[in-house]
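Which chain is which? The protein sequence lines are A and B, in order. Residue numbers for the first sequence follow this note's numbering, so the first one is 371 and each next one is one higher. Residue numbers for the second sequence follow this note's numbering, so the first one is 371 and each next one is one higher. These notes are about the structure you will find just below.
Number of protein chains: 2
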Amino acid sequence: MQNSTPHSTPIRPVESLQVACASCNLRELCLPLGLSTNDLDRLDTLVNRRRTVPKGEQLFRSGDNFAALYAVRTGFFKTSVTSEDGRDQVTGFQMAGELLGLDGISTDRHHCDATALEDSSVCVINYADLESLSQHFTALQHSFHKIMSREIVRDQGVMLLLGSMRAEERLAAFLLNLTERLEARGFSGTAVVLRMTREEIGSYLGLKLETVSRTFSKFQDEGLLEVKQRQIRVLRADALQQMVANATR
Amino acid sequence: MQNSTPHSTPIRPVESLQVACASCNLRELCLPLGLSTNDLDRLDTLVNRRRTVPKGEQLFRSGDNFAALYAVRTGFFKTSVTSEDGRDQVTGFQMAGELLGLDGISTDRHHCDATALEDSSVCVINYADLESLSQHFTALQHSFHKIMSREIVRDQGVMLLLGSMRAEERLAAFLLNLTERLEARGFSGTAVVLRMTREEIGSYLGLKLETVSRTFSKFQDEGLLEVKQRQIRVLRADALQQMVANATR
DNA sequence: CGAAACTTTGACAAACGTCAACACAGGTGG
DNA sequence: CCACCTGTGTTGACGTTTGTCAAAGTTTCG
Numbered sequence: 371m372q373n374s375t376p377h378s379t380p381i382r383p384v385e386s387l388q389v390a391c392a393s394c395n396l397r398e399l400c401l402p403l404g405l406s407t408n409d410l411d412r413l414d415t416l417v418n419r420r421r422t423v424p425k426g427e428q429l430f431r432s433g434d435n436f437a438a439l440y441a442v443r444t445g446f447f448k449t450s451v452t453s454e455d456g457r458d459q460v461t462g463f464q465m466a467g468e469l470l471g472l473d474g475i476s477t478d479r480h481h482c483d484a485t486a487l488e489d490s491s492v493c494v495i496n497y498a499d500l501e502s503l504s505q506h507f508t509a510l511q512h513s514f515h516k517i518m519s520r521e522i523v524r525d526q527g528v529m530l531l532l533g534s535m536r537a538e539e540r541l542a543a544f545l546l547n548l549t550e551r552l553e554a555r556g557f558s559g560t561a562v563v564l565r566m567t568r569e570e571i572g573s574y575l576g577l578k579l580e581t582v583s584r585t586f587s588k589f590q591d592e593g594l595l596e597v598k599q600r601q602i603r604v605l606r607a608d609a610l611q612q613m614v615a616n617a618t619r
Numbered sequence: 371m372q373n374s375t376p377h378s379t380p381i382r383p384v385e386s387l388q389v390a391c392a393s394c395n396l397r398e399l400c401l402p403l404g405l406s407t408n409d410l411d412r413l414d415t416l417v418n419r420r421r422t423v424p425k426g427e428q429l430f431r432s433g434d435n436f437a438a439l440y441a442v443r444t445g446f447f448k449t450s451v452t453s454e455d456g457r458d459q460v461t462g463f464q465m466a467g468e469l470l471g472l473d474g475i476s477t478d479r480h481h482c483d484a485t486a487l488e489d490s491s492v493c494v495i496n497y498a499d500l501e502s503l504s505q506h507f508t509a510l511q512h513s514f515h516k517i518m519s520r521e522i523v524r525d526q527g528v529m530l531l532l533g534s535m536r537a538e539e540r541l542a543a544f545l546l547n548l549t550e551r552l553e554a555r556g557f558s559g560t561a562v563v564l565r566m567t568r569e570e571i572g573s574y575l576g577l578k579l580e581t582v583s584r585t586f587s588k589f590q591d592e593g594l595l596e597v598k599q600r601q602i603r604v605l606r607a608d609a610l611q612q613m614v615a616n617a618t619r
């Protein structure tokens, strides 16, 4: 579905506004970042399809043919890789404005699963179209390269976390990253509702779910958080910061 | 330095042969992968500079301005990230044909250090030139995207290792990955000389150097390896394989 | 309302890190 | 050429962190 509101109606309903990249309120967080208004119109020719993914369903799976990238519009996803022998690792959580599917470019097949953790919707970005549009459209190409590179930098940060932090530090870093991203989207960074289970957090952080649960309880006992199952209130972000920033190892 | 051997001398010395991508023996492992001979000549206009990096020196550091990518010609590198508080994590080891510097695209500054673990040389690929050449050169653009995506997939594999494997499994996976890449370059996959210290291996694998050393000794006791400091002989790759493939967690 | 999925907590075990001592190799300067 | 120094690697004893197993409480959803 494309934004085809006629020029005669300058004031468009919110629903319609959200359809075009140029007027999407995620444009500062998504692929359009850094593009001019003019450029955005051309980007819209690319992003011409939407897809909804119900909670628990997968947007794509490891082994699926790769044909498109997906920008999260609403909802929340996790990506996870599974080795042949069944080892499972959550590699990231994605929220509005973040891109899914970059792993698929390498071999034209996806290398991870993307699962919706709540009812979600995505913009479908046909990859062949993106490549050909990039050919004539320097700013888009550059923007896309930056996004891929940013993902590589993010992954290096996760390696640092997994390789050098202890349980408390990992959870603190996770919470701070989450609240930061939520705040960038206009949500509260103190009253947070987790979309994932303790097991999924644990998988992402290289910990067992019991360790995650215990660490939440410990943070609560210390007055850093208020924890009611998935409802988290961050009381002392500064203390979490210091935990991450003070290497004891 | 560009390859300007005249047409009148079809048989060129090996030294000169190596200068052009088209005749580089790394072309199957490097950026040129998948490009036609014709395309390769155009790629050569891009790769017009070499740089040597003595053992222990850095090719680039975190915070350096980003202007170019580097393809390893000879030698061996490590990349590592350091957090503000001094935590250090080796994020990869790079050998001939592998690309360094992709992290820099995101913010025009490097986010990791690249250190030569032995006297090394690299091809300098000016990034601005790469972007503009990609504009007119579909195959190159596609090839470059695949390389970035492959890096993302590789990173996911490291996360799986760090998040879900125990010490023995990590070291086994590390050794198998190393021997596989050495074999792809025509080196022995059984008689290996490690270019990095136990501490660097440990950092990469999220283990302390003592644990790495102990695990090497254990593998030797079990007859899987012969370990003489950095000289490793792989005696039972199959047993290492099975160790990685059999999740006990 | 009841089953299933998720979370919390405790007791105990295993894996890995810490600290320390010593061995070994390579390079430098006397 | 040897002595020495420094960086690196090995090994042991012990401590800490995290995982494992189990039970019970809580929420969600059909």
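The beta carbon of each residue, even a glycine, is placed where N, CA and C say it ideally should be.
Quick one, which of the options has its alpha-carbon nearest residue i's?
i, options, result
"Asp608(A)", "Leu594(A), Ile602(A), Lys598(A) and Cys400(A)", "Leu594(A)"
"Thr618(A)", "Ser453(B), Leu401(B) and Glu553(B)", "Ser453(B)"
"Glu570(B)", "Arg600(B), Glu592(B), His506(B) and Met535(B)", "Arg600(B)"
"Gln459(A)", "Leu579(B), Met529(B), Lys448(B) and Val597(B)", "Met529(B)"
"His480(B)", "Thr422(B), Val492(B) and Ser450(B)", "Ser450(B)"
"Arg540(B)", "Leu545(A), Ile522(A) and Gly533(A)", "Gly533(A)"
"Thr444(A)", "Cys394(A), Asp478(A), Asp411(A) and Ile475(A)", "Cys394(A)"
"Ser513(A)", "Ala392(A), Leu396(A) and Leu403(A)", "Leu403(A)"
"Asp473(A)", "Asp455(A), Gln612(A), Asp434(A) and Leu503(A)", "Asp434(A)"
"Arg707(A)", "Ser406(A), Glu427(A), Ala438(A) and Ser432(A)", "Coverage of chain A is limited to positions 371 through 619, which leaves residue 707(A) absent and any answer about it impossible."
"Gln314(A)", "Ala542(A), Asn616(A), Gly556(A) and Arg555(A)", "Only positions 371 to 619 of chain A appear in this structure, which leaves residue 314(A) out of reach."
"Ala537(A)", "Thr585(A), Leu548(A) and Glu427(A)", "Thr585(A)"
"Asn496(A)", "Met566(A), Asn418(A), Ala392(A) and Phe557(A)", "Asn418(A)"
"Arg457(B)", "Glu427(A), Met535(A) and Leu401(A)", "Met535(A)"
If you measure between the beta carbons of residue i and residue j, is that distance less than 8 Å?
i, j, result
"Ile602(A)", "Leu564(A)", "yes"
"Arg425(B)", "Leu487(B)", "Going by the sequence as given, residue 425(B) is Lys instead of Arg. Contact: yes."
"Glu596(A)", "Leu610(A)", "no"
"Leu546(B)", "Val614(B)", "yes"
"Val494(B)", "Tyr440(B)", "yes"
"Phe447(A)", "Thr422(A)", "no"
"Gln505(A)", "Thr560(B)", "no"
"Cys482(B)", "Gln464(A)", "no"
"Gly620(A)", "Leu399(A)", "Since the first and last residues shown for chain A are 371 and 619, residue 620(A) lies out of range."
"Val523(A)", "Val442(A)", "no"
"Gln511(B)", "Glu501(A)", "yes"
"Asp409(B)", "Ala390(B)", "no"
"Ser623(B)", "Ser519(A)", "This structure leaves residue 623(B) out entirely; chain B is present only between 371 and 619."
"Asp478(A)", "Phe430(A)", "no"
"Arg412(B)", "Leu503(B)", "yes"
"Leu416(A)", "Asp489(A)", "no"
"Gly572(A)", "Val582(A)", "yes"
Using a Cβ cut-off of 8 Å (strictly closer), state whether residue i contacts chain A.
i, result
"Pro376(B)", "Annotation note: pLDDT 39 at Pro376(B) (below 50); position unreliable, coordinate value reported separately. No, Pro376(B) lies away from the interface with chain A (no Cβ there is under 8 Å from its Cβ)."
"Ala617(B)", "yes"
"Thr461(B)", "yes"
"Gly456(B)", "yes"
"Leu472(B)", "yes"
"Glu488(B)", "no"
"Leu387(B)", "Unreliable placement is indicated for Leu387(B), whose pLDDT of 39 sits below 50; the coordinate value is still reported in the next sentence. No, because no Cβ of chain A sits closer than 8 Å to the Cβ of Leu387(B)."
"Gly576(B)", "yes"
"Asn373(B)", "A caution first: Asn373(B) carries a pLDDT of 40, below 50, which makes its placement in the model unreliable, though a value can still be read off. Chain A, which has no Cβ nearer than 8 Å to the Cβ of Asn373(B), makes this no."
"Cys482(B)", "yes"
"Thr581(B)", "no"
"Gln505(B)", "yes"
Are any of the Cβ atoms in chain B nearer than 8 Å to that of residue i?
i, result
"Arg568(A)", "no"
"Ser558(A)", "no"
"Cys400(A)", "no"
"Thr585(A)", "no"
"Ile381(A)", "With a pLDDT of only 42 at Ile381(A), under 50, the local geometry of the prediction cannot be trusted, and no value is derived from it."
"Ser476(A)", "yes"
"Cys493(A)", "no"
"Val451(A)", "yes"
"Ser406(A)", "no"
"Glu501(A)", "yes"
"Thr508(A)", "yes"
May I ask you to list, following chain order, the residues of the region 527-541 of chain B that have a beta carbon less than 8 Å from some beta carbon of chain A? Gly527, Val528, Met529, Leu530, Leu532, Gly533, Ser534 and Met535
For the region 409-428 of chain A, enumerate the residues whose C-beta is nearer than 8 Å to any C-beta of chain B, in chain order. none
Only counting runs of 4 or more residues, tell me where the alpha helix (DSSP H) segments fall wholly within the region 398-443 of chain A, in order along the chain. 407-414
3 or more residues per run - each beta strand (DSSP E) lying fully within the region 445-502 of chain A: 446-452, 458-465, 483-486 and 490-496
The region 511-524 of chain B: positions lying closer than 7 Å to chain A by Cβ: Gln511, His512, His515, Lys516, Met518, Ser519, Arg520, Glu521, Ile522 and Val523
So if I threshold CB-CB distances at 7 Å, which residues from the region 431-449 of chain A count as touching chain B? none
Going along the chain, which unbroken runs of the beta strand (DSSP E) with 3 or more residues stay wholly within the region 538-590 of chain B? 561-563
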